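A.B. asks: In this note's numbering, the protein residues as written are 19 to 258.
Glycine is no exception: its CB is placed at the ideal position from the N, C-alpha and C atoms.
Quick caveat: nothing in here was measured; it's all calculated off a predicted structure.
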Ligand SMILES: [Zn+2]
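(1) Any chance the CB of residue 122 is under 8 Å from a heavy atom of ligand 1?
(2) Given residue 21, which residues of its chain have a CB within under 7 Å of its CB, disregarding the five upstream and five downstream residues?
(3) Output the distance between the C-alpha atoms of residue 61 and residue 201, rounded to the nearest integer angstrom.
(4) Is it right to say residue 116 is buried, meaning 16 or more other beta carbons lie within 10 angstroms of its own, or is it exposed?
(5) Does ligand 1 have a heavy atom nearer than 8 Å to the CB of residue 142?
(6) Three or more C-beta pairs closer than 8 Å, one from the segment 185 to 201 and one from the segment 62 to 78: is that the case here?
(7) What's the gap between the Cα of residue 172 and the Cα of residue 129?
(8) Which residues in the same chain as residue 197 place their Cβ atom closer than 8 Å to its Cβ, once the five residues preceding and following it in sequence are excluded?
(9) Just to confirm, are residue 37 and residue 59 a CB contact at a threshold of 9 Å?
(10) Going by other Cβ atoms of all chains shown within 10 Å of its Cβ, with 16 needed for buried, is residue 122 buried or exposed?
(11) Alpha carbon to alpha carbon, how far is residue 175 from residue 246? Give it in angstroms, no decimals.
(12) Over the uninterrupted alpha helix (DSSP H) stretch that includes residue 225, give me the two end residues.
(13) Which partner residues of residue 107 appear in the DSSP bridge assignment?
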C-alpha cells in the first residue's frame, strides 16, 4: 500500500502520490517539490465542502468574497489552476472548513481519507500528508493519518511541514514529540527534496502554482508570505 522514502532520481520515472491537503492551497504551499517532481499526483483536499447556507466570515471577507458560496467556488477554481501546473488531479472531500462548521470526528475522517486513497491510487502510491500543526483543521487531519498508521491500515506516510502554520514557535517540535510518544517514528526525508535542490524548473512551477491562490494571499495580506520562501521539509513516518 505504500512506498518507502522516495528519492528524486526515481521520481520522474514512477512515483504515484496521493497527497492529502487540509485546505485548497496547503499541498501547493507545503509540498510543491514533491508535486513538481511527480506529475500525475492525486491531491485530496479534505475541507472542500460547500456550506448548505451561505456564510460570511472574516477570513473570506479579507480574501475578497461576499460569502462562503462565492469563496469556495473561486477557491476551487484557483486550486484547479494551481494543480494544472503540477499535472496533478483534484479529489475533494465534502468536509466543511473550520470557519464554517464543527471539526469532523477523527474516525470518520480517517475512514474517508483511507477510502479515497484506496480508490484513487495504484497499490504502490505513496500517501503524503501534512504534519498537522497549529490550525485545528490541520491538527485534525494529523490525528486522522496517525490513526491510520497506528491501526496498520497504512504502513507509512511521507509527511510534509504545514507551510505558514509551521512558523508558530515550537509547533513542529511539539508535534514530532507527540508522534514519538504515540508510537510513531518520524525520520527526516532526504534533503535533496528541497525545491532549490531540484532546480529552476521546480522552483518556477512552485512559484506559479502558489500565485494562483490569489484570494488566500490577499487574506494573508502578502503577495508572497515570507514563510513560503523557507525550505520545504519532509519526514517518513511509520510505527516505531
Ligand atoms: Zn490550511
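C.D. replies: Per the coordinate set shown:
(1) If you number the chain shown from 1, residue 122 lands on position 104. Not under cutoff, so the answer is no.
(2) By one-based count along the chain shown, residue 21 stands at place 3. Its pLDDT being 42, under 50, residue 21 is placed unreliably in this model, and the coordinates cannot settle the point.
(3) Taking the chain shown and counting its residues from 1, one reaches residue 61 at position 43. Taking the chain shown and counting its residues from 1, one reaches residue 201 at position 183. Between residue 61 and residue 201, the C-alpha separation is close to 27 Å.
(4) The residue labelled residue 116 in the question sits at position 98 within the chain shown. By the neighbour-count rule (16 or more Cβ atoms within 10 Å), residue 116 is buried.
(5) On the chain shown, residue 142 is found 124 positions in, with the first residue counted as 1. No, ligand 1 has no heavy atom inside 8 Å of this Cβ.
(6) no
(7) Here the question's residue 172 lines up with position 154 in the chain shown. Here the question's residue 129 lines up with position 111 in the chain shown. Rounded to the nearest angstrom, the two C-alpha atoms are 11 Å apart.
(8) As a first step, residue 197 must be located in the chain shown, where it is residue number 179. Correct list, in chain order: 164, 203, 204, 255.
(9) The residue given as residue 37 occupies position 19 in the chain shown. The residue given as residue 59 occupies position 41 in the chain shown. Result yes, Cβ atoms of residue 37 and residue 59 sit closer than 9 Å.
(10) If you number the chain shown from 1, residue 122 lands on position 104. Buried is the call here.
(11) Here residue 246 is taken as the residue at index 228 of the chain shown, counted from 1. Here residue 175 is taken as the residue at index 157 of the chain shown, counted from 1. Taking the straight line from one Cα to the other gives about 23 Å.
(12) Position 207 of the chain shown, counting from 1, holds the residue named residue 225. Residues 218 to 229.
(13) Position 89 of the chain shown holds residue 107. Looking at the DSSP assignment, residue 107 forms a beta bridge with 60.
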